[in-house]
Every structure is written in C-alpha cells, then in structure tokens.
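Chemist:
In full-length UniProt numbering, the protein residues as written are 1 to 388.
Printed below as a string of structure tokens:
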C-alpha cells in the first residue's frame with residue numbers, strides 16, 4: 001500500500017525539546033496525500049501511553065498475557081476550520097495542518113477508574129507522569145535509568161482513516177512525533193519509612209572490634225533523614241544546580257574510657273532510581289516491606305548513578321563521659337549534585353508505573369588501633385526529584 005507523506009515540525013529552539021505543565025506544544029504537519037482525502041478522515045491527537053511487560057515466571061501454566069499497553073491521555077485537535085469550505089484534499093498537493101496543545105496539569109478522572117486505598121492515591125494517579133523511556137533515550141546515549149519493561153511515552157499522533165461500513169472506519173496510516181514531558185511537581189512532606197524494608201535504611205548500627213581475638217572497641221551508629229527535594233529545571237542533561245544537602249549524624253559508644261572514635265576516611269554517594277511496575281493497577285503505594293505481596297504480575301527495576309559532593313567532608317568528634325565509658329558524637333553535612341550524563345524523571349506514582357529515588361551514603365572508616373584496612377557503613381534515605 002502506498003502511504004501519504006507526513007512530516008512534523010514542532011516550534012522549539014531545541015532538537016529534543018522538553019515541555020512542562022501548562023506549556024504549549026505547537027507546530028504543523030506537512031501532509032501530501034497520495035489519493036483524494038476527506039479532512040474528516042484525518043485526526044491529530046496528543047497522546048500519552050504506558051507500556052508494561054512482566055516476565056512469566058512459570059512457563060508450564062497457561063498464564064495471562066505478560067504485556068500491556070494503556071493509553072492514559074488523548075487530546076484531539078480539530079482541523080476542520082483551517083480549510084474554509086474545502087472538505088477534500090487533492091492527491092499530490094502539499095498541505096500544512098497546524099496543531100496546538102497545552103500540557104494539562106492533571107489527567108481526566110477516567111484515567112484512574114480502579115479501586116484506590118484512599119483519595120491521596122487516586123490524586124497521585126491522576127497527576128501527569130513524567131516521560132520514562134529507555135528506548136527513546138537510548139538513541140541519545142543518555143538514559144533515564146528505566147527498564148525496557150516499563151515506559152511512559154508522549155507524542156503528537158497523526159492518523160489517516162477510511163470508512164469501514166456501518167458508520168465505522170479503520171486506520172490506514174499512522175505517524176507519531178515523540179515529545180518529552182516534565183510535569184511540575186511540588187515537594188511533598190517526608191514519607192513514613194517502614195522500619196523493615198529493603199530499599200531504605202535510615203539508621204545503621206555496627207559493633208567495632210580489632211585484633212585476632214576481635215576485642216570490642218564500641219558501637220558506631222549512623223542515622224539520617226529525608227533531605228530536601230532535588231529541583232529540576234529540565235529533563236535535558238544540563239549544568240544547572242540540581243542538588244540537595246544530606247546530613248548524617250554519627251554516634252560512637254566507646255567500650256571503655258580509653259577508646260578513641262573511628263577515623264572517617266572517605267564517603268561515597270549514590271542516587272538509586274527505583275521503578276515499580278505491573279500489569280495490574282496499584283491500589284496503594286508499592287509495599288516496601290514485603291515484595292511477596294505484589295503478586296506475579298508486578299515487578300521492580302533499580303539502577304544507580306554516583307554523585308559527587310560539592311565540598312570536602314569535614315567534621316569533628318565531640319565527647320562526653322557517661323559513667324565508665326565515653327560517648328562521641330559528630331555530624332556530616334554535605335551537598336551532592338546530579339551528574340549530567342543521565343536524565344532524571346521526577347518522582348511519580350501512576351496506576352501501573354511508579355518512579356522513586358533513594359540517596360545512599362557510604363562512610364569508610366578505620367577503627368582506632370588498626371594500622372591498615374578499612375570498614376564501611378551506610379544509610380539510604382528517600383529523596384524526591386521535583387520539577388519547578
């Protein structure tokens with residue numbers, strides 16, 4: 001079948017533009033039909049689509065399909081008024097079809113019609129999710145740490161239809177121009193982290209010892225809390241100051257009054273991007289305490305990127321005596337920035353896909369009395385990524 005020529009022109013100063021909430025996407029489609037075409041057989045639509053795949057763990061049973069595509073947003077652009085009295089486009093002649101869409105703040109209520117645990121969950125599901133696309137970003141060699149199994153994509157969709165009898169019609173040609181969407185998201189209150197979970201660790205405790213006989217030197221405790229949100233200006237990798245400040249409180253309970261606190265040698269910071277996805281809608285936030293509650297039709301993906309502190313880490317132990325032992329306390333506060341070789345979709349929770357982040361800080365230290373070697377401890381705290 002011979003297809004008509006379709007070319008998109010989006011008005012933007014960037015080759016890979018990013019659009020935020022309330023932004024206008026406008027441009028035109030150069031369309032050259034190969035046969036006589038009624039303008040009512042052309043549709044131009046701004047669409048949002050989720051694609052999820054979950055691996056079937058048991059291949060011996062007849063399981064339901066392990067993939068799903070769900071459209072969650074569709075805004076039509078009427079084009080009839082642009083051609084005056086003309087209703088038929090002639091073959092071989094080039095036409096320019098203008099379009100203009102405004103990025104909505106929320107999805108229509110029909111986008112989330114399943115049962116939710118509370119109104120807050122439904123409110124989250126009706127917020128515009130950010131573009132999450134391994135395939136789209138792979139071509140730019142700058143990915144957003146998302147899996148191939150879960151995508152959130154947006155695009156300008158051109159479709160050509162033909163009558164199919166009984167007032168119906170079938171699609172004979174389609175073209176899509178993908179666009180990057182960065183929804184505005186305000187910072188939320190800190191989340192309540194379950195004490196037992198595999199993704200966050202707000203407090204770490206370690207017993208320190210030295211020597212072959214492992215003589216006890218004391219107990220080291222590190223604790224932290226959710227830092228301020230990381231604010232983005234764009235999905236594009238730029239040198240803007242996308243950063244946050246993390247504070248870690250340390251406490252060392254010495255085994256005796258003569259014992260000195262460990263020496264902190266270095267620190268490493270990682271941002272962990274976690275994508276939760278499933279073939280069935282989430283009725284609540286993903287359960288971080290027990291993965292087995294998810295069922296076989298949900299899955300999880302994790303990736304991380306190393307963060308660089310903007311300043312050298314400095315701290316000083318302060319001591320106090322308590323009966324027959326000494327207690328040392330200190331605080332480490334450092335600013336970490338996002339590197340520019342990744343994209344960072346803002347935190348979101350949709351019906352099928354959620355993206356959240358964790359900030360992991362690993363401290364390397366040497367116990368007093370050990371000439372060589374080093375040990376480590378770490379905390380991992382939730383952190384939001386928001387868009388201004």
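We treat Cβ as the ideally placed atom computed from N, Cα and C, and that holds for glycine.
(1) Would a C-beta distance cut-off of 7 Å place residue 350 and residue 143 closer than the cut-off?
(2) Name the two residues that bound the continuous beta strand (DSSP E) containing residue 177.
(3) State the Cα-Cα distance for the pair residue 148 and residue 12, rounded to the nearest angstrom.
(4) Could you tell me whether the Cβ atoms of residue 374 and residue 232 are closer together than 7 Å?
(5) Just verifying my parser: in three-state terms, what is the DSSP assignment at residue 291?
(6) Since residue 253 and residue 219 are thought to touch, with beta carbons under 8 Å apart, how far apart are those beta carbons, to the nearest angstrom?
(7) Quick one, which of 110, 192, 182 and 251 has its alpha-carbon nearest residue 332's?
(8) Just checking my contact of residue 242 with residue 337 at CB under 8 Å: how many whole Å lie between their CB atoms?
(9) Take every Cβ of the stretch 30-42, pair it with every Cβ of the stretch 75-91, and state whether three or more of those distances are shorter than 8 Å.
(10) So residue 383 and residue 357 are in contact, right, with Cβ under 8 Å, and what is the actual spacing, rounded?
(11) Within 10 Å of its beta-carbon, does residue 3 have 16 or more other beta-carbons around it, so buried, or fewer, so exposed?
(12) Counting only the same chain and skipping the five closest in sequence on each side, list residues whose C-beta sits under 8 Å from that of residue 78.
(13) Identify the residues that DSSP records as bridge partners of residue 232: which are they?
(14) According to DSSP, is residue 81 part of a helix, a strand, or is it coil?
(15) For chain C, find out if any of its Cβ atoms is closer than 7 Å to the Cβ of residue 276; answer yes or no.
(16) Just reading off the alpha helix (DSSP H) that residue 124 is part of, what are its end residues?
Modeler: Looking at the atomic coordinates:
(1) No.
(2) Residue 177 -> beta strand (DSSP E) spans 168-182.
(3) Going by the C-alpha atoms only, they are around 28 Å apart.
(4) Residue 232 sits away from residue 374, with the two beta carbons spaced by 7 Å or more.
(5) If DSSP states are grouped into helix, strand and coil, residue 291 belongs with the helices.
(6) Confirmed, Cβ separation roughly 5 Å.
(7) The shortest Cα separation from residue 332 among 110, 192, 182 and 251 belongs to 251.
(8) So it is a contact: roughly 6 Å between Cβ atoms.
(9) They touch, by the three-pair rule.
(10) Distance from residue 383 to residue 357 at the Cβ level is roughly 5 Å; contact confirmed, criterion being Cβ atoms closer than 8 Å.
(11) Residue 3 should be labelled exposed.
(12) No residues qualify anywhere along the chain.
(13) Bridge partners of residue 232: 387.
(14) Correct three-state label for residue 81: helix.
(15) Chain labels in this structure do not include chain C; a single protein chain is all it has.
(16) For residue 124, the enclosing alpha helix (DSSP H) starts and ends at 119-125.
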